[in-house]
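Reviewing the structure listed below.
2 protein chains.
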Amino acid sequence: MSEVARPTLSDALTERMLELIRTGGHRPGDRLPSTRELSQRFAVTTPTLREALRRLEATGAIELRHGSGIYVGAAIERLVLPNPNMREIRTAQLLELLDARILIEPPLAALAARHAGSEELAALKHALDEASRHLGGEDAELHDANMTFHRATARMAGNSVLHEVVDSLLTVHGPEQREIQQIFDDRRRDHDEHLTILEAIEARDAARAEERMRAHLMDVKTVVEHRMKSPR
Amino acid sequence: MSEVARPTLSDALTERMLELIRTGGHRPGDRLPSTRELSQRFAVTTPTLREALRRLEATGAIELRHGSGIYVGAAIERLVLPNPNMREIRTAQLLELLDARILIEPPLAALAARHAGSEELAALKHALDEASRHLGGEDAELHDANMTFHRATARMAGNSVLHEVVDSLLTVHGPEQREIQQIFDDRRRDHDEHLTILEAIEARDAARAEERMRAHLMDVKTVVEHRMKSPR
DNA sequence: ACATATCAAGTGATCTAATCACTTAATGGC
DNA sequence: GCCATTAAGTGATTAGATCACTTGATATGT
């Protein structure tokens, strides 16, 4: 199993597609040649080409739009990806995931407090405005707004790799996050904790932003642990 | 582009494959039914099935072995993956990646010092023994041993999610790591720094392990920065 | 009895040629 | 100018076949 399998034609096609994207200077969103043209250009049949395309699609390098064409995907420039096949997180994994966030996100909140630009700050506020608008109602929208808040904070830190890591962690346990949101005994409390993080970032108080973020995530972890001990 | 594309048959097949793996209680390495059987069972043609299989293969959920069969892949249980399409890291990204490692790996070294078990410690030592054997010779082997050291340290920390993150970061910039190894002015120095980390972990000195790891990675970053300022 | 070589069966990999389903742009009518 | 229809181009899938590889079984030789 440690042996490298013999390269297939489909492997070679994947490489050639990546090269075509790179040498063509294509950016995410750019349209690529059609499958008919590509299969001709590479002298292969469309089912074989499509195998390569599906592979690239699965990793976000391209998007196939039925009837429209093939487009370069946003994830082509990423280093780290969320596993798209994750359907259910084991309980032990969930706690480890929260611990990972507890290790990574507080220092990022501190960096965000140091780097805060006005546009990014506006995005952060907007996310919390959205969240506050949904406090009394829609679960999905509240959840999205809260995740946007965490993502925006990670982005503000100015390290794209760590932002990708946080994004991946948030993405991969979206369903569990929704469940956590539902068992968190006070949506208001969650929101208030987010607000204290925002205040610290606005005040450029790195230490406080870090401490607030850590307290928030540990609060979440505590709630999850309690839930695990007394499932309802 | 924010619209969810219409689900294809191939999408559905991907889901059904994941379900088959899950409900079958399959573990990584287990053999799955053949493509002929699967295409019959799912009532689709083999090119369509193969699109789904390629998608799963790209994300490590399965392995296709020509002439042998389809096997469950190790990455099926992962949350975070290295982007397999990454061929070249931009310079700015490389520094951010090193910063990400500087944020994540030192606390993991501290955790490793607290959790060190005898088997894991042996693996760590083995990695450094391997590295010392290749100090005067093979680049690839030295590189592999050094990466094994970092991976083993992250694993010892006992958080599988963070281990995946570190593994992803190390995997995705393997080529750059090799280059860094070549420009690092003293292989001995690199090795010695690894040894001080090992000593701290053996001594269960969490603070020192963390400090040694941070110093080591910042040393690496410094070298890279110098290289960027005066390319050779 | 054991080791080696050969063959058969089962496996993944790719092709050919076609049809189906969707999107977008162009054209015509009001 | 707006709306509806049509045509062209696009991705999605099929059916049926052949090719390339692996593994296990069988036969042969020592």
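Chains as they are written, first to last, in this note's numbering: chain Y, 1 to 232; chain Z, 1001 to 1232. Ideal Cβ placement from N, Cα and C applies to all residues, glycine included. Predicted, not measured: the structure shown is a model, and the values here were computed from it.
Query: Beta-carbon proximity of P106/Y to M17/Y, cut-off 7 Å; Result: no
Query: Proximal residues to H26/Y (C-beta, below 6 Å), its chain only, five neighbours per side dropped; Result: V72
Query: C-alpha gap between K1125/Z and L1198/Z, whole angstroms; Result: 8 Å
Query: Exposure of H1226/Z, with buried meaning 16 or more beta-carbon neighbours within 10 Å; Result: exposed
Query: Range covered by the alpha helix (DSSP H) that runs through E1199/Z; Result: R1187 to E1202
Query: Cutoff 7 Å; reference G236/Y; Cβ partners in own chain excluding five residues on either side; Result: As shown, chain Y starts at 1 and ends at 232. That puts residue 236/Y outside it, with no answer to give.
Query: Beta-carbon proximity check, I76/Y vs L32/Y, cutoff 7 Å; Result: no
Query: Chain Z contact residues for E96/Y, given Cβ-Cβ distances below 8 Å; Result: N1159, S1160, V1161 and L1162
Query: Any chain Z beta carbon closer than 7 Å to R78/Y; Result: yes
Query: Simplified DSSP state of G1069/Z, which is helix, strand or coil; Result: strand
Query: Closest residue to A1203/Z among T1046/Z, A1112/Z, L1095/Z and I1089/Z (Cα-Cα distance); Result: A1112/Z
Query: Nearest-angstrom Cα separation, counted from K1221/Z out to R1022/Z; Result: 42 Å
Query: Beta-bridge partners of R31/Y, as assigned by DSSP; Result: Y71/Y
Query: Candidates R65/Y, E57/Y, A12/Y and T14/Y, of which the one nearest S34/Y by Cα; Result: R65/Y
Query: Under 7 Å from the C-beta of D1099/Z: neighbouring residues of chain Y; Result: N159
Query: Candidates V1166/Z, A1200/Z and T1014/Z, of which the one nearest L1098/Z by Cα; Result: V1166/Z
Query: Span of the beta strand (DSSP E) around P82/Y; Result: V80 to P82
Query: L169/Y and M147/Y closer than 7 Å at C-beta; Result: no
Query: Per DSSP, cross-strand counterpart(s) of I62/Y; Result: V72/Y
Query: Validate contact between the segment 49-61 of chain Y and the segment 1124-1143 of chain Z using beta carbons, cut 8 Å, 3 pairs; Result: no
Query: Chain Y contact for E1003/Z (CB, 7 Å cutoff); Result: Legend: pLDDT at E1003/Z = 46, less than 50; position of this residue unreliable, value from coordinates given subsequently. So no, E1003/Z is outside the interface.
Query: Outcome for R1055/Z when other beta-carbon atoms lying within 10 angstroms are tallied against a minimum of 16; Result: buried
Query: Whole-angstrom distance between D144/Y and L135/Y, CA atom to CA atom; Result: 12 Å
Query: Partners in chain Z for N146/Y, counting only beta-carbon separations shorter than 7 Å; Result: Per Cβ cutoff of 7 Å: no residues; N146/Y is ~19 Å from chain Z at best.
Query: Exposure of M1228/Z, with buried meaning 16 or more beta-carbon neighbours within 10 Å; Result: exposed
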